[in-house]
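For reference, the structure is listed below as structure tokens.
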Amino acid sequence: MYNNAPMPFSIFYNGNFAIHGTNQVSKLGTPASAGCVRLHPENAKVLFDMVRAVGKSEFRVLITD
């Protein structure tokens, strides 16, 4: 589905969207995704570990404009 794109520390929400790390750190802040939220891998790991500690049922994604 994502052309085997690396998505370390993925947290999927709302179907096929995810918050995940990227190996293309230089492209952070620019459009380069199929709708996911990309983070520096170190930050993605921190978030992933936090969600794992409290449980995904306690995790909410709020997208605002």
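Oh and the sequence shown: position 21 is 426 in this note's numbering, straight run, nothing missing. C-beta atoms are modelled at their ideal positions from N, C-alpha and C, and glycine is treated no differently.
Closest residue to residue i among the options (Cα-Cα distance)
i, options, result
"residue 411", "435, 419, 441", "441"
"residue 430", "413, 420, 421", "413"
"residue 453", "418, 425, 419", "425"
Between the CA atoms of residue j and residue i - distance to the nearest angstrom
i, j, result
"residue 423", "residue 444", "11 Å"
"residue 467", "residue 407", "23 Å"
"residue 438", "residue 447", "19 Å"
"residue 435", "residue 420", "23 Å"
Supposed close pair residue i, residue j - CB separation, criterion 8 Å
i, j, result
"residue 456", "residue 464", "5 Å"
Status (buried if at least 16 other CB within 10 Å, exposed otherwise) for residue i
i, result
"residue 479", "Because the chain here runs from 406 to 470, residue 479 falls outside it and cannot be looked at."
"residue 449", "buried"
Residues that residue i bridges to, as DSSP identifies them
i, result
"residue 416", "424"
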